[in-house]
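Line order of the protein sequences matches chains D and F. All letters in the first sequence, in the order written, are residues 19 to 106 by the numbering used here. All letters in the second sequence, in the order written, are residues 23 to 599 by the numbering used here. For every residue, glycine included, the Cβ atom is placed at its ideal position computed from N, Cα and C.
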Amino acid sequence: MEKRDFTIIAETGIHARPATILVQTASKYGSDVTLSYEGKSVNLKSIMGVMSLGVGQNAEVTITANGDDEKEALDAVAETMKKEGLTD
Amino acid sequence: MSLLLTGLAASSGIAIAPAYLLVGSDLSIKKQHTADKNHEVARLRDSFTLTTKELKRIRQRAHQNLGQQAAAVVDTQLEILNDPVLLENLERLIRGNAYTAEWAAKVTTDHYLTLFEHMNDNDYLQSRALAVQDVYKRLLSHLMGVRLPDPNSLDHRAIIVAKNVTPTDTAQFDRRYVAGLVTDYGGRTSHFSIMSKTLSLPVVVGTHNATSQIKDGDLLIVDGIHGKVIVRPTDQQLEHYQLLAGEFAREQQVWGALRDQHTVSKDGRKYEVGANVGTLNDIKYAHDNGAEGIGLLRTEFLYMDQTKLPSEDEQFHVYKKFVTAMGEQRVVARTLDIGGDKRLGMFKLPHEDNPYLGFRAIRIGLAKPEILRPQLRALLRASAYGGLAIMFPMIATPEEFTQARDILDDERRKLGRAGVAVADSVEVGMMLEVPSAAVMADAFAPDVDFFSIGSNDLIQYLFAADRGNSRVAYLYQELHPAVLRLVKRVIDAAHAEGKWVGMCGEMAGNPLATPLLTAMGLDEFSMNSSQILRIRSLISHLNNRQLQPLVHRALAARSAREVEMLVKEYVPILRKE
C-alpha cells in the first residue's frame, strides 16, 4: 500500500474542476485509490465522494493507493495535484 | 406601463431586445414506490446513458462555439454520470427501498446538496452544486420523457431570462443571438457571470423575480452598468437607452485603451485611481477594470461568519495574497471596522441606542488590543511582500492616532527582535471620516503618512443624517459646499506637510465630484471597480488650471444644487449626468 500526505494550498480548495481532473486521473489505474480528510475517507474514483468532502484551502489530506499499480497511481495523482495548483 | 427590476450588475453594457424565457417544465416529483425493481434499475441506467450522450453533444457544441475551456465545464457532469459509487447507491435505493428511479435520484441529489450547503463555501465551490443540479435535471427529463428548455433553440436576437443558468446552458449560447442575460438568482462572481464577462454580454443577476414578472417576447432593456432591467419600456425610456448604449460602446473603446496607462489630467498632473476591495475575488475584477492599486482593503471579511478571531497566521496568509496579487502597486489596508451597522457574531457588543456614534472601529481596537495587535502583526509581516500601507478607521483625536501608531511601532519592534521580515517603510495613515478630525486635519498632518477621506461617514456625520433613512436621505449631499470646504481643508493641511490624500467613499466615484476633487488636489481616488475606467477617462479630459475658478465659486456657493450647476457649466461633458 502506498500512502502520502498533502497540504492543499489552492485558495479555492478542491472545487469542481480539479475534482474532475483528479477523478479522471485516478480512474486510469486499477488500484483502489482513497482520499482521506478530517477522519473521512472516500473513493478517489467517485467525484461525488471527492466533492462532498469539501476540501478547502490549507486542508491536510492523505491519499492511499492499493493494488498492482499503486505506486504509479499515486505518482500520477500527486503530479496532477501539483499541475492543478492544489499543492506546492 | 413599464416595470423596473433591480439586481446586481454582473457584466456591463446595455442590451435592448425581446425576452426569451428559459424556464423548464415542472420537474417536481412525489415519493413513489415500484413493484418492478428490475425495471426501475433498467430505466435508471437508460437515463444515465441518454444523459451522457446528450452532455457529450453539448460538450462538442461548446467546444466549437466557445473553445476548450467552456467545453471543460461539462466534464464535471460527465464524471458524475461516470461515478461508480453514485450508480451503486442509486441502485441500492431502488432495490432496498423499492423507490422509483426518479425518487432515488431526488433523494440522492438532495442529500448531496444539503451536504454542500453545510460546508464553508465560496463561489467556486458553488459550482459543485450547479453541476449536480444540472445532472439531476437532465436525468429526470429523460425519466419523465419531458424536454428541457434548450438554449440552442434560440433563432433570433433575444435576452435570455432564467431562474439560474448552469455552465451547460452558457456553453450552448449562440453568440449571434444572445444579446443579454437576466436571472432570478446568482451573484456577481458566480461562474456564469464570469463566463458572461468573457462573452461581453450585459448581465443582471439576482433579480429574484425576473422569471415571474417577464413574459416571453416582452421587450426588455438590460442595463448591466447599473443592474437594472426595464420591462416593456416606454418610447422615452427606449430613446434614452439607445443613446446610452451608443455612448457605452464608444466609451468602451476609449476606456480599454486607458487600462494600462497612467491617469494623467490634460494639464499633466498624475493621479492614482484604485479599487475598494473586500475579498480576494475582487482583485481580478479590480485588475480587469484598470485599478492602479487598492485604496481600501476592508479586512472585515476575515472576521465574518467565524466563531473565533482569525489567528495572526491566517490573517498574514490572506494579506500576503492581496499584496502579492497587486505587485508593485499600493494596497491600503484598513484595520477592523466593526460596530455601527456591521456586527459580528463572535463579539457580544452590548446594545447601544446609537451604534453609529458608539463603540466601533478604532474605539474597539484601542480598547481590545487582543484584536488589534494580531491584525497589525499580520499586516506588518505581509508588508515584506509588496507595497502595503495601513490605516486606522474612525480616528477622532490626535491622541487616538498616536495611541494606535504606538501599538503598531511596538509590534514592529517585537517582530524586528524576533527576526521576522517587515518592509523597511510602511506608510501609516488614517481614515478621515469624523468631522472633528477633518476640522483639525492640520494637527494630524505632521504625524500621518497619508489621509484617506471616508466620504460616506464624513457626510453622514456632517449633516447628522443617515443616508439609509429615506426620510432624511435628502440631507446626504456629496456636492454640498460644507463637504467641499472640509475636503479642501484636509487636502491643504496634508499638502502643507508634504503628505498625500486619498478618498475611498462613494463620492470618489461620483463623476460630478471629480473635477472639484482633482482641482482641489486630491492625490488618490478609490472606488468600486466598475467605476474606475469611467473616472480615469474623465480625469484625462480635465484641465485643473482652468478649473480653479470653479473651485472658488463652488466653495462660495450656498447649496449642492448650485455646485452641480457650476460643475456642468465648467465641464460640458458632465451635462448629461
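Item                                                                                                                                       : Value
Partners in chain D for L108 of chain F, counting only beta-carbon separations shorter than 9 Å                                            : S64, I65, M66, G67
Nonlocal neighbours in the same chain, by C-beta distance under 7 Å from V442 of chain F, ignoring five residues either side               : R403
N298 of chain F, enclosing beta strand (DSSP E) - first and last residue                                                                   : 292-299
Interface partners of N61 of chain D on chain F, CB under 8 Å                                                                              : P106, V107
Contacting residues, own chain, Cβ-Cβ under 6 Å from L30 of chain F (five flanking each side not counted)                                  : R210, V227, G228, G249
Own chain partners of L100 of chain F with C-beta closer than 6 Å, once the 5 adjacent residues on each side are dropped                   : L77
Distance CB(I51 of chain F)-CB(E113 of chain F) smaller than 7 Å                                                                           : no
Contacts around H230 of chain F, its chain only, beta-carbon distance under 7 Å, and the 5 residues preceding and following it disregarded : D206
Where T38 of chain D meets chain F, residues with beta-carbon distance less than 7 Å                                                       : D97, T98, E101
Under 7 Å by beta carbon: chain B residues contacting S548 of chain F                                                                      : Absent from the structure: chain B. Protein chains present are D and F.
P594 of chain F versus L538 of chain F - alpha carbon distance                                                                             : 14 Å
A39 of chain F, DSSP secondary structure in three states                                                                                   : strand
Any chain F beta carbon closer than 7 Å to A34 of chain D                                                                                  : yes
Limits of the alpha helix (DSSP H) - the one that K510 of chain F falls within                                                             : 503-518
Burial state of G35 of chain F (16 or more Cβ within 10 Å)                                                                                 : buried
Segment limits, alpha helix (DSSP H) that includes R356 of chain F                                                                         : Element bounds for R356 of chain F: not the alpha helix (DSSP H) but the beta strand (DSSP E), 352-356.
Helix, strand or coil at G531 of chain F [DSSP, three-state]                                                                               : helix
Amino acids of chain D, ordered along the chain, whose beta-carbon sits closer than 8 Å to that of Y134 of chain F                         : M66, M69, S70
Reduced DSSP category for A440 of chain F - H, G, I as helix; E, B as strand; rest coil                                                    : coil
Within-7 Å CB hit, L137 of chain F to chain D                                                                                              : yes
K21 of chain D, enclosing beta strand (DSSP E) - first and last residue                                                                    : 20-25
Minimum C-alpha distance to N303 of chain F - residue among D:T30, D:R22, D:I81                                                            : D:T30
Local Cβ density within 10 Å of Y592 of chain F, reported as buried at 16 or more and exposed below that                                   : buried
Residues that E29 of chain D contacts on chain F, provided the C-beta gap is smaller than 8 Å                                              : L302, K343
Supposed contact pair V353 of chain F and A411 of chain F - C-beta distance, whole angstroms, cut 8 Å                                      : 7 Å
Helix, strand or coil at L319 of chain F [DSSP, three-state]                                                                               : strand
Interface residues of chain D facing S333 of chain F [CB-CB closer than 9 Å]                                                               : None at all; the shortest Cβ gap to chain D is about 11 Å.
Contact belief for T10 of chain F with Y293 of chain F at Cβ below 8 Å, rounded distance in angstroms                                      : Summary: the structure shown does not reach residue 10 of chain F, with chain F confined to residues 23 through 599, and so no result is reported for it.
Per-residue contacts from A123 of chain F into chain D (C-beta, under 8 Å)                                                                 : Per Cβ cutoff of 8 Å: no residues; A123 of chain F is ~17 Å from chain D at best.
Residue ranges of each alpha helix (DSSP H) within the segment 229-298 of chain F, 4 or longer                                             : 232-235, 257-280
Proximity winner among F:F414, F:Q337, F:A426, F:G361, relative to L396 of chain F (alpha-carbon distances)                                : The question names Leu, yet the displayed sequence has Pro at residue 396 of chain F. Taking only the C-alpha atoms, the option nearest P396 of chain F is F:Q337.
One or two residues paired with W125 of chain F in a DSSP bridge                                                                           : Looking at the DSSP assignment, W125 of chain F forms no beta bridge with any residue, so it has no partner.
Outcome for K521 of chain F when other beta-carbon atoms lying within 10 angstroms are tallied against a minimum of 16                     : buried
Chain D contact residues for A153 of chain F, given Cβ-Cβ distances below 7 Å                                                              : A34
Burial state of D196 of chain F, where buried means 16 or more other Cβ atoms lie within 10 Å                                              : exposed
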